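Chemist: Have a look at this one before I ask anything.
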Amino acid sequence: MARLAPYLGFVRVGAGKRLIVQDEPGEFMIVVLEGMVVVERQGAGANARLAEVRPGDVLGEMSLLDAGPRLSHCRTAEPCVLAVLETAQLLALMNDDAHLALLLLAALARRLSLRLRQTSTRLSALLGDA
């Protein structure tokens, strides 16, 4: 993390603060360093709690990579310390240290692949394929 630190913003956020808003465009990702964040998806009149994110976990990496809309709301469940990587800083990292950027992008790809596999497994179970 030390080599990445110059590219990250570090913030302390109190409990109950919205970090990511569903359907809004996103140009940053968050690494939770301390605390817990709740991930929720708003549907037809109700919120579904999807996950609790803890230290070491990442939020918003999909929008960082594809500039697409956020898929869920994220809010702090308790005071948090967060590291934030913005698109502009990722581009600067790519220019300054291509090897480190490659390592970061490979780690994000592995996380996204794991998440997709977990989602596929759940979908198969719901459809009775498992």
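Anchor point for the sequence shown: position 104 equals 104 in UniProt numbering, and the numbering is continuous, going up by one each time. C-beta: ideal position from N, C-alpha, C; glycine also. The model shown is predicted, which means the values in this text are computed figures rather than measured ones.
Can you tell me whether G26 is buried or exposed, with buried defined as 16 or more other CB within 10 angstroms of its CB?
Modeler: buried
Chemist: Within a Cβ cutoff of 6 Å, which residues of the same chain sit near V81, ignoring the five residues on either side of it in sequence?
Modeler: R12, L33 and E34
Chemist: Taking the alpha carbon of Q22 as the point to measure from, which residue in G16, C74 and A125 has its own alpha carbon closest?
Modeler: Nearest to Q22 by C-alpha distance, out of G16, C74 and A125, is C74.
Chemist: Could you check where the beta strand (DSSP E) with Q42 kicks off and where it finishes?
Modeler: DSSP places Q42 inside the beta strand (DSSP E), whose first and last residues are V37 to Q42.
Chemist: In the DSSP assignment, what are the bridge partners of T121?
Modeler: For T121, which the question treats as bridged, DSSP gives no partner whatsoever.
Chemist: Who are the near neighbours of L116 in its chain, counting only those whose CB is closer than 8 Å to its CB and skipping five residues on each side?
Modeler: none
Chemist: With distances taken between CB atoms, is the gap from L108 to E61 smaller than 7 Å?
Modeler: yes
Chemist: Based on the DSSP secondary-structure assignment, which residues constitute the bridge partners of V84?
Modeler: G9 and I30
Chemist: How about I20 and V84: do their beta carbons lie closer than 7 Å?
Modeler: no
Chemist: Could you check what DSSP says for R54 in three-state terms: helix, strand or coil?
Modeler: coil
Chemist: Do R49 and S72 have their C-beta atoms within less than 7 Å of each other?
Modeler: no
Chemist: With a threshold of 6 Å on Cβ separation, who are the neighbours of A101 within its own chain once the five nearest residues in sequence on each side are excluded?
Modeler: L93 and M94
Chemist: Could you tell me the alpha carbon to alpha carbon distance between G56 and L4, rounded to whole angstroms?
Modeler: 14 Å
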